[in-house]
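Please read the structure below before turning to the comments.
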Amino acid sequence: MTIPSSPSRQQGFTLVELMVTLVVLSVFLGLAVPSFRGLLDAQRLKAMAYDMVADLSLARSEALKRGSDITLTPQQTGDWTAGWTLTVGSEVVAQRAGAGSSVRVVQAPATVTFDRNGRVANATAVTRFGLEDRQAHNHRCISLDPSGRPKSVLSPCPTP
Numbered sequence: 012m013t014i015p016s017s018p019s020r021q022q023g024f025t026l027v028e029l030m031v032t033l034v035v036l037s038v039f040l041g042l043a044v045p046s047f048r049g050l051l052d053a054q055r056l057k058a059m060a061y062d063m064v065a066d067l068s069l070a071r072s073e074a075l076k077r078g079s080d081i082t083l084t085p086q087q088t089g090d091w092t093a094g095w096t097l098t099v100g101s102e103v104v105a106q107r108a109g110a111g112s113s114v115r116v117v118q119a120p121a122t123v124t125f126d127r128n129g130r131v132a133n134a135t136a137v138t139r140f141g142l143e144d145r146q147a148h149n150h151r152c153i154s155l156d157p158s159g160r161p162k163s164v165l166s167p168c169p170t171p
């Protein structure tokens with residue numbers, strides 16, 4: 012067995028190679044982060060729209076099941092962005108937290124009440140919730156016809 016007389020080269024990155032790699036990585040991240048933020052905002056908007064449709068459907072089915080009025084109200088007066096609460100009289104059926112500052116509710120009624128037949132109380136026209144992301148690039152319109160069925164579309168709500 013022979014032992015090498017000169018020490019072998021050390022394996023790994025040199026400091027210069029490591030610095031170049033970090034600079035290239037930071038440039039790529041700098042380009043990717045803004046588009047990733049837009050993707051996150053779009054997903055938060057989609058999630059809030061799905062949550063709202065689910066809770067409107069829940070309110071309608073609970074009104075039918077219980078045979079009494081159910082009201083959906085924003086947690087902060089007039090601000091649906093902060094979340095909403097489903098109530099029967101003084102009993103809280105469900106609460107939902109809002110999506111934070113990444114989603115804005117630009118059009119909404121003060122409250123929505125479903126009567127014991129599952130219809131939107133005192134509604135003769137379509138009730139709409141307009142949602143958009145903070146950049147106003149993505150929109151969702153949730154509409155409730157007088158029968159109480161919610162529907163979500165990928166467009167801004169028509170102005171009343």
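What the sequence shown shows, in the working numbering, is residues 12 to 171, in sequence order.
All residues carry an ideal CB built from backbone N, CA and C; glycine is no exception.
Sheet register partners of residue i (DSSP bridge)
i    : result
E102 : V99
R151 : L142
Closest Cα partner of residue i within the set the options
i    : options               : result
D156 : C168, R48, P169, V131 : V131
T124 : L26, F24, E73         : E73
V137 : G159, S37, S166, N149 : G159
A110 : G49, L56, M30, G23    : L56
E102 : T82, V35, V117, R127  : T82
R127 : D90, L51, G100        : G100
Three-way DSSP call (helix, strand, coil) for residue i in this model
i    : result
T84  : strand
S158 : coil
S163 : strand
G94  : strand
Host beta strand (DSSP E) of residue i (start-end)
i    : result
G141 : 138-144
R130 : Note, R130: premise wrong, no beta strand (DSSP E); not H, not E.
Q118 : 114-118
CB of residue i within 8 Å of CB of residue j, strictly
i    : j    : result
T84  : T98  : yes
S112 : R145 : yes
G141 : C168 : yes
P161 : L69  : no
R115 : G94  : no
P30  : I153 : Checking the sequence, you will find Met at residue 30 rather than Pro. Cβ distance not < 8 Å, so M30 and I153 don't count as in contact.
V117 : E143 : yes
S163 : A65  : no
A53  : N149 : yes
W91  : A119 : yes
Residue range of the alpha helix (DSSP H) that includes residue i
i    : result
T124 : Taken as a continuous stretch (DSSP letters only), T124 belongs to no alpha helix (DSSP H), being part of the beta strand (DSSP E) at 123-125.
V64  : 26-77
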